[in-house]
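> The structure that follows is given in the form of structure tokens.
Shown next as structure tokens:
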């Protein structure tokens, strides 16, 4: 009986473990025309930053955010980073009044070509 109960508890614990995904709220960068751009992902597929790219991520409390950028041609990892844990201090109010918990992650200039 005890083994069955422990087995059920372990199975329940494993069934409730799942990965969570962060949402990209917006991209911020300076483009090749020296204009500062703040773009939502749904409005533009291709970006042309002249330098660093800032990702504004929504994740929820007590989460780590991982960003991995891969080159489309050979799937080589060009950049990877993990944020610190999101806490109550990471509450963000966006320009449109939206409030959420998340982080800003800055990606270095990654060069030319399609990246995922």
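In mature numbering (1 follows the signal peptide of the UniProt record, and there is no 0), the protein residues as written are -22 to -1, 1 to 94.
Ideal Cβ positions, reconstructed from N, Cα and C, are used throughout, including at glycine.
In the DSSP assignment, what are the bridge partners of residue 27?
One-based indexing of the chain shown puts residue 27 at position 49. Bridge partners of residue 27: 9.
> By the DSSP assignment, the beta strand (DSSP E) with residue 44 in it spans what residues?
Indexing the chain shown from 1 puts residue 44 at position 66. Residue 44 -> beta strand (DSSP E) spans 44 to 48.
> I'd like to know whether the C-beta atoms of residue 64 and residue 37 end up nearer to each other than 8 Å.
Counted from its first residue, the chain shown places residue 64 at position 86. Counted from its first residue, the chain shown places residue 37 at position 59. Yes, the pair counts as a contact, with Cβ atoms nearer than the cut-off.
> Contact check, residue 42 vs residue 61 under 8 Å by CB: the rounded distance?
The residue you call residue 42 lines up with position 64 of the chain shown. The residue you call residue 61 lines up with position 83 of the chain shown. 6 Å between Cβ atoms; contact.
> Are residue 34 and residue 6 touching if we call contact CB-CB under 8 Å?
Position 56 of the chain shown, counted from the start, is the residue given in the question as residue 34. Position 28 of the chain shown, counted from the start, is the residue given in the question as residue 6. A contact, by the Cβ cut-off of 8 Å.
> Going straight from the alpha carbon of residue 66 to that of residue 76, what length do you get?
The sequence position of residue 66 within the chain shown is 88, counting from 1. The sequence position of residue 76 within the chain shown is 98, counting from 1. Those two C-alpha atoms are separated by around 16 Å.
> When DSSP labels each residue in this structure, what does residue 95 get in the three-state scheme?
The structure shown does not extend to residue 95, since the chain spans only -22 to 94, so no value can be given for it.
> Figure out for me which residue from 92, 91, 80 has the closest Cα to the Cα of residue 32.
Taking the first residue of the chain shown as position 1, residue 32 is located at position 54. With distances taken between Cα atoms, residue 32 lies closest to 80.
> From the DSSP secondary-structure annotation, give me the bridge partner or partners of residue 77.
Stepping through the chain shown from its first residue, residue 77 is reached at position 99. DSSP lists 71 as partners of residue 77.
> Within 10 angstroms of the Cβ of residue 51, are there 16 or more other Cβ atoms? Answer buried if so, exposed if not.
To locate residue 51, count along the chain shown from 1; it is residue 73. Flag for residue 51 reads exposed.
> Kindly give me the distance between the Cβ atoms of residue 2 and residue 85, rounded to whole angstroms, as I take these residues to be in contact under 8 Å.
Locating residue 2 in the chain shown gives position 24, counting from the first residue. Locating residue 85 in the chain shown gives position 107, counting from the first residue. About 11 Å; that fails the 8 Å criterion.
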